[in-house]
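Enquirer:
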Amino acid sequence: MKKEDVLNLMTGLPPDLIEEADFDAPAKRRLPRVARAGLIAACLCLALVGTAFAAATVYRLTVQHHAYSDGQGDWFGYRVSGDVIRRPMDAFSPELRAAYEARGGEAYVGAGFDTQAEAQAFLGEAVPLIWPDHSIVPETGVRATLWALTGSGDDTIGPLKTIHIRPVSETKLEDNLSVSTSVYVYTENFPADREQIYGRYGNSPKDAELLGTYAMANGDVAELIAADDPPESGFGWGEFTCGGHFVHDGALYIVTLYSYYDIELDYQGEGCPQAVREHVLSQLYRVLDSYPAE
Amino acid sequence: MTDAHLIALFTARSEDAIPALKSQYGPYCRAVASRLLSDPRDVDECLNDSFLAVWRAIPPARPEHFKGWLAAIVRHRALALGRENSRRPPTVDEAALELASCLPPGDGPEEEAARRALLDAIACFLRAQPREIRAAFLRRYWYGDRVEDAARRLGWSVSKTKSVLSRTRNRLRAQLQKEGFL
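Sequences listed follow chains A and B, in order.
Quick note, the first sequence lines up with residues 605 to 898 if you use this note's numbering.
Quick note, the second sequence lines up with residues -5 to 176 if you use this note's numbering.
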């Protein structure tokens, strides 16, 4: 067969095989020290939590390393999975169920609210959410998206599966630092065999780091991930993103801080300055600690 | 953003669809195209064409394996551009010639049904292989990796990778002979 025919023929191979072949051998790559420490801490934490609270409801989050290479280098990200509560449909408000039924066959329908209280009423009082302290993260409008899809790509539009609640926009904490807080709530229609509850984190061309766990003031445990996207040259801004993921009362909460950092004149490509990283992390802890227990 | 969310954006004809696609899979698509095209300008053109093709295809398409489906669009366009401009990395042709040795001779099946049957036989053969063997084969003959790059990705030595590829080609040839394609 001629080479052009071979090339064209191969393009037609099943997409699932092509997807599967896009993987790296992550074990062969040595993770940064902080990520290794974080990974070990996360494993220990999971083991301890599993042992100590085996008889109670345990909310487990795991963070998997996800990597691939292209011609320009290695790319890293993480995939967060865990146990969530799949709530019966009658736990949600009649208004929410009516809005979903009226969506007209679309994969999702959105609803906007001026306050968190309105969003909570729409969700239903039987599905209580927790919100960060308004003195730290000022309240904004809220958007709720009701999804017919699980996110796996292999399901069809059908009954309501997840509800994503998020602010209408990022909230500015200070100059060059903003925060976004969102929650995923799962219904009984979310497949029981589906572990993945959040896709790959970030799309930065720089390594995303698993920073381990953080014990929040309300007793929850957050998995922390950071991604640095520094400027390619000595000009411009870099972006350092830091996220905390935790499960509370069966819902997945994601708190993400976005910070932009300027660089010094003698910048040598070292990425986000340590002082900026530490400050952003401290602000992430502050936001996480502002979530109440109930 | 998950694949299902992306597909939903395209289905809803949202103006956020293509930016979201670029954000989620832009680097991956660029990596696919870069292995098949040697000129960065061609890569950019390929990606623009591919993203537009996705916009035109969804709806009605609802690909079950979105990432692989997207990669096939990029590969198809990249091969066409490389052919038009005669700007293709030599490794692409090298890999194609390696693989040609274990496929039916001549111009390849002209009828769609015959082409589909051959493709199904190759896919069936690959599914029967261990995952890493399958990945090595696809890295080399679908993604167009150099042997050294495939070896690094798999965590193997270059010599082991060459050996695995050679043995896999031989097994594929034997399987296709058994099924009457050769």
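The C-beta atom is built at its ideal place from N, Cα and C for all residues, glycine as well.
In this text, all values refer to a predicted model and were calculated from it rather than measured experimentally.
For the beta strand (DSSP E) holding A897 (chain A), just list the boundary residues, first then last.
Expert: For the purposes of this step, residue 897 (chain A) is taken as the residue at position 293 of the first sequence. No beta strand (DSSP E) contains A897 (chain A), which DSSP labels as neither H nor E.
Enquirer: Can you check whether the C-beta of F627 (chain A) is within less than 8 Å of a C-beta belonging to chain B?
Expert: To locate residue 627 (chain A), count along the first sequence from 1; it is residue 23. Yes, F627 (chain A) counts as interfacial toward chain B.
Enquirer: How many angstroms separate the CA atom of L609 (chain A) from the CA atom of A90 (chain B)?
Expert: In the first sequence, counting from the first residue as 1, residue 609 (chain A) sits at position 5. In the second sequence, counting from the first residue as 1, residue 90 (chain B) sits at position 96. Reading off the sequence shown, one finds Asp at residue 609 (chain A), where the question assumed Leu. For D609 (chain A) and A90 (chain B), the distance between alpha carbons rounds to 9 Å.
Enquirer: Suppose contacts are defined by Cβ-Cβ distances below 8 Å. Is R128 (chain B) in contact with L120 (chain B) by that definition?
Expert: Residue 128 (chain B) sits at position 134 when you count from the first residue of the second sequence. Residue 120 (chain B) sits at position 126 when you count from the first residue of the second sequence. Yes; because the gap between Cβ atoms is below 8 Å, this pair is in contact.
Enquirer: State the Cα-Cα distance for the pair W49 (chain B) and P795 (chain A), rounded to the nearest angstrom.
Expert: Walking along the second sequence from the start, residue 49 (chain B) turns up at place 55. Walking along the first sequence from the start, residue 795 (chain A) turns up at place 191. W49 (chain B) and P795 (chain A): Cα-Cα distance of roughly 29 Å.
Enquirer: CA-CA distance, L733 (chain A) and H849 (chain A)?
Expert: The residue given as residue 733 (chain A) occupies position 129 in the first sequence. The residue given as residue 849 (chain A) occupies position 245 in the first sequence. Straight-line Cα distance between these residues: approximately 15 Å.
Enquirer: Which whole-angstrom value describes the C-beta separation of I769 (chain A) and A748 (chain A), a residue pair presumed to lie in contact below a C-beta threshold of 8 Å?
Expert: Position 165 of the first sequence, counting from 1, holds the residue named residue 769 (chain A). Position 144 of the first sequence, counting from 1, holds the residue named residue 748 (chain A). Correct: roughly 5 Å between the Cβ atoms.
Enquirer: Kindly identify the DSSP beta-bridge partner or partners of S8 (chain B).
Expert: Walking along the second sequence from the start, residue 8 (chain B) turns up at place 14. DSSP output for S8 (chain B) lists no bridge partner at all.
Enquirer: Can you tell me which of the three DSSP states P771 (chain A) falls into?
Expert: As a position in the first sequence, residue 771 (chain A) is number 167, starting the count at 1. It is a strand residue.
Enquirer: In whole angstroms, give me the CA-to-CA distance for P763 (chain A) and V713 (chain A).
Expert: In the first sequence, the residue the question calls residue 763 (chain A) occupies position 159. In the first sequence, the residue the question calls residue 713 (chain A) occupies position 109. The alpha-carbon atoms of P763 (chain A) and V713 (chain A) are separated by roughly 12 Å.
Enquirer: Leaving out the 5 sequence neighbours to the left and right, which residues in its chain are closer than 8 Å to P98 (chain B) when beta-carbon positions are compared?
Expert: The residue given as residue 98 (chain B) occupies position 104 in the second sequence. Excluding residues within five positions, the ones whose Cβ falls inside 8 Å are L112, L170, F175, L176.
Enquirer: What residue from B:S157, B:E78, B:R82, B:R24 has the CA that sits closest to F131 (chain B)'s CA?
Expert: Position 137 of the second sequence, counted from the start, is the residue given in the question as residue 131 (chain B). Closest option to F131 (chain B), Cα to Cα, is B:S157.
Enquirer: By the 8 Å beta-carbon criterion, what residues does the region 610 to 622 of chain A contribute toward chain B?
Expert: Residues passing the 8 Å Cβ filter: V610, L611, N612, L613, M614, T615, G616, L617, P618, P619, D620, L621, I622.
Enquirer: I'd like to check one pair, Q887 (chain A) with L781 (chain A): are the Cβ atoms closer than 8 Å?
Expert: Translated into the one-based positions of the first sequence, residue 781 (chain A) becomes position 177. Translated into the one-based positions of the first sequence, residue 887 (chain A) becomes position 283. For L781 (chain A) and Q887 (chain A), yes; Cβs fall inside 8 Å.
Enquirer: Mind checking which residues open and close the beta strand (DSSP E) that includes H852 (chain A)?
Expert: In the first sequence, the residue the question calls residue 852 (chain A) occupies position 248. Start and end: 842 to 852.
Enquirer: Mind checking the region 706 to 718 of chain A against chain B and listing, in chain order, the residues whose C-beta falls within less than 9 Å of any C-beta there?
Expert: Under the 9 Å Cβ criterion, the region 706 to 718 of chain A contributes E710, A711, Y712.
Enquirer: Which residues in the same chain have their Cβ closer than 8 Å to the Cβ of S160 (chain B), if we skip the five residues on either side of it in sequence?
Expert: The residue you call residue 160 (chain B) lines up with position 166 of the second sequence. No residues qualify anywhere along the chain.
Enquirer: Using only alpha-carbon positions, find the residue among A:D853, A:G842, A:W841, A:Y862 that is nearest to I829 (chain A).
Expert: Residue 829 (chain A) sits at position 225 when you count from the first residue of the first sequence. Among A:D853, A:G842, A:W841, A:Y862, the Cα nearest to that of I829 (chain A) is on A:Y862.
Enquirer: Establish whether the CB of W49 (chain B) and some CB of chain A are separated by less than 8 Å.
Expert: Taking the first residue of the second sequence as position 1, residue 49 (chain B) is located at position 55. Output row for W49 (chain B): interface = no.
Enquirer: Apart from the five residues just before and just after E39 (chain B), which ones in its own chain have a Cβ nearer than 7 Å to its Cβ?
Expert: If you number the second sequence from 1, residue 39 (chain B) lands on position 45. Counting only Cβ-Cβ distances below 7 Å, and skipping sequence neighbours, we find L75.
Enquirer: So for S151 (chain B), helix, strand or coil by DSSP?
Expert: On the second sequence, position 157 is the one that residue 151 (chain B) refers to. Three-state DSSP puts S151 (chain B) in coil, outside helix and strand.
Enquirer: Could you tell me which chain A residues have their CB closer than 7 Å to the CB of T5 (chain B), listed as they occur along the chain?
Expert: Against the second sequence, residue 5 (chain B) aligns to sequence position 11. Residues of chain A passing the Cβ test: A711.
Enquirer: What residues in its chain sit with their C-beta under 7 Å from that of S28 (chain B), if we drop five residues either side in the sequence?
Expert: For the purposes of this step, residue 28 (chain B) is taken as residue 34 along the second sequence, with counting starting at 1. Within the same chain, S28 (chain B) has close Cβ partners V37.
Enquirer: Please report how far the alpha carbon of A25 (chain B) lies from the alpha carbon of D43 (chain B), in whole angstroms.
Expert: Within the second sequence, numbered from 1, the residue matching residue 25 (chain B) stands at position 31. Within the second sequence, numbered from 1, the residue matching residue 43 (chain B) stands at position 49. Between A25 (chain B) and D43 (chain B), the C-alpha separation is close to 15 Å.
Enquirer: Identify every run of the alpha helix (DSSP H) within the region 8 to 70 of chain B, keeping only runs that are complete inside it and at least 4 residues long; order them along the chain.
Expert: DSSP runs (the alpha helix (DSSP H)) wholly in the region 8 to 70 of chain B: 11 to 30, 34 to 51.
Enquirer: Going by DSSP, what residues sit across from F717 (chain A) in a beta bridge?
Expert: Taking the first residue of the first sequence as 1, we reach residue 717 (chain A) at position 113. Answer is A:V746, bridged to F717 (chain A).
Enquirer: Check the DSSP bridge columns for A826 (chain A) and list the partner residues they point to.
Expert: Residue mapping note: residue 826 (chain A) aligns to position 222 of the first sequence, counting from 1. Answer is A:Y818.
Enquirer: Taking C-beta pairs closer than 9 Å, name the residues in chain A that L31 (chain B) reaches, listed in chain order.
Expert: Counting from one through the second sequence, the residue named residue 31 (chain B) turns up at place 37. Correct list: empty, because the minimum Cβ distance to chain A is about 11 Å.
Enquirer: Going along chain A in order, which residues have a C-beta closer than 7 Å to the C-beta of I12 (chain B)?
Expert: Stepping through the second sequence from its first residue, residue 12 (chain B) is reached at position 18. Going along chain A, no residue has its Cβ under 7 Å from I12 (chain B), so there is no contact; the nearest lies around 15 Å.
Enquirer: In angstroms with no decimal places, state the Cα-to-Cα distance between G728 (chain A) and K61 (chain B).
Expert: On the first sequence, position 124 is the one that residue 728 (chain A) refers to. On the second sequence, position 67 is the one that residue 61 (chain B) refers to. Cα-Cα distance, rounded: 36 Å.
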